[in-house]
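A short worksheet on the structure shown next.
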Amino acid sequence: MNKIKILFFIFITVILLFSFTVFNQTTYDPSSVAVPEDFSFSVTWDCYGISSYDSKTGTLVKTWDATHPEDYITTLQLTEDELKSVYIKLTRDIDLYSFTEKYNPFRRGYDSRPTQTIIVSIEENGKSKTVTCENIAFGDEKWMKNKKARNFMRVKNEIVDIITDTDEWKALPDYEFGYD
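As structure tokens, then:
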């Protein structure tokens, strides 16, 4: 009889924990998300922060580290769907406002050479936020502090993928310099 009570208790506990986890997850319909009219964002990324995009001006820079940097600059206007996707990533997938202005997603003591610089900014509804990760390491998830850090890097990578998948990015020349 004791064994049955213990198994029943474990079963009920597992069901309650599962229910608590499922019902506490925020769910939303992406099609119902309204992007504010004044929404804009910018992102700087790569080794020493050589690549950047600013949705307000449309300026896309593949690299400033070139013999003729002007050849690596163009204009990119993202579609409404792409902007909505970025907006959801910055406000729902991660809450950019919850990050400190200076941020390092990697564990203390983890380092690499060269370093990377990431700067992510958002403007919407009359407020703005910039998160700067300056001269941080390159590394994979196992070196990141926690889930929040992994989500930050995932969102940054997804935004960069949206930008670098465009015809405008692909039309820019290849990098002149690289690291082995």
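Using our numbering, the letters of the sequence shown map in sequence onto residues 25 to 204. Ideal placement from N, C-alpha and C gives every residue a C-beta, glycine not left out. Computed from a prediction, not measured in an experiment: that's the story for all the values here.
Residue environment, residue i, which counts as buried when at least 16 other CB atoms sit within 10 Å
i: V57; result: exposed
i: Y121; result: exposed
i: F28; result: One detail in the question is off: residue 28 reads as Ile in this sequence, not Phe. Exposed: under 16 other Cβ atoms inside 10 Å.
i: K180; result: buried
i: G133; result: exposed
Which of helix, strand or coil DSSP assigns to residue i
i: K151; result: strand
i: W69; result: strand
i: F130; result: strand
i: Y77; result: strand
i: E61; result: coil
i: T124; result: coil
i: L84; result: strand
i: I160; result: strand
i: S55; result: helix
i: S145; result: strand
i: T188; result: helix
i: F201; result: coil
i: T139; result: coil
i: I28; result: helix
i: T98; result: strand
From the options, residue whose alpha carbon lies closest to that of residue i
i: D70; options: E94, P60, T98, M177; result: M177
i: Y210; options: D185, F63, E94; result: The structure shown does not extend to residue 210, since the chain spans only 25 to 204, so no value can be given for it.
i: I186; options: D53, H92, T91, Y77; result: Y77
i: K171; options: T103, N26, F123; result: F123
i: E106; options: I142, F201, T188; result: T188
Cut-off 8 Å between Cβ atoms - residues of its own chain near residue i, not counting five sequence neighbours on either side
i: A173; result: P129, F130
i: H92; result: none
i: T139; result: C71, Y72, N159, I160, A161, F162
i: F147; result: Checking the sequence, you will find Glu at residue 147 rather than Phe. Contacts found: D62, F63, S64, F65, K80.
i: M168; result: P129, F130, R131, R174, M177
6 Å Cβ shell around residue i - same chain, five flanking residues per side excluded
i: N175; result: I118
i: K126; result: T156
i: Y111; result: V59, F63
Cβ-based neighbour list, residue i, same chain, cut-off 7 Å, excluding 5 preceding and 5 following
i: T190; result: L100
i: S55; result: none
i: L196; result: K86, Y96, T98
i: K108; result: V57, V59
C-beta neighbour in chain C for residue i, strict 9 Å
i: I183; result: Included in the structure is just one protein chain, with no chain C present.
message = Under 8 Å: do the stretch 162–172 and the stretch 93–107 share three or more Cβ pairs, one atom per stretch?
response = no
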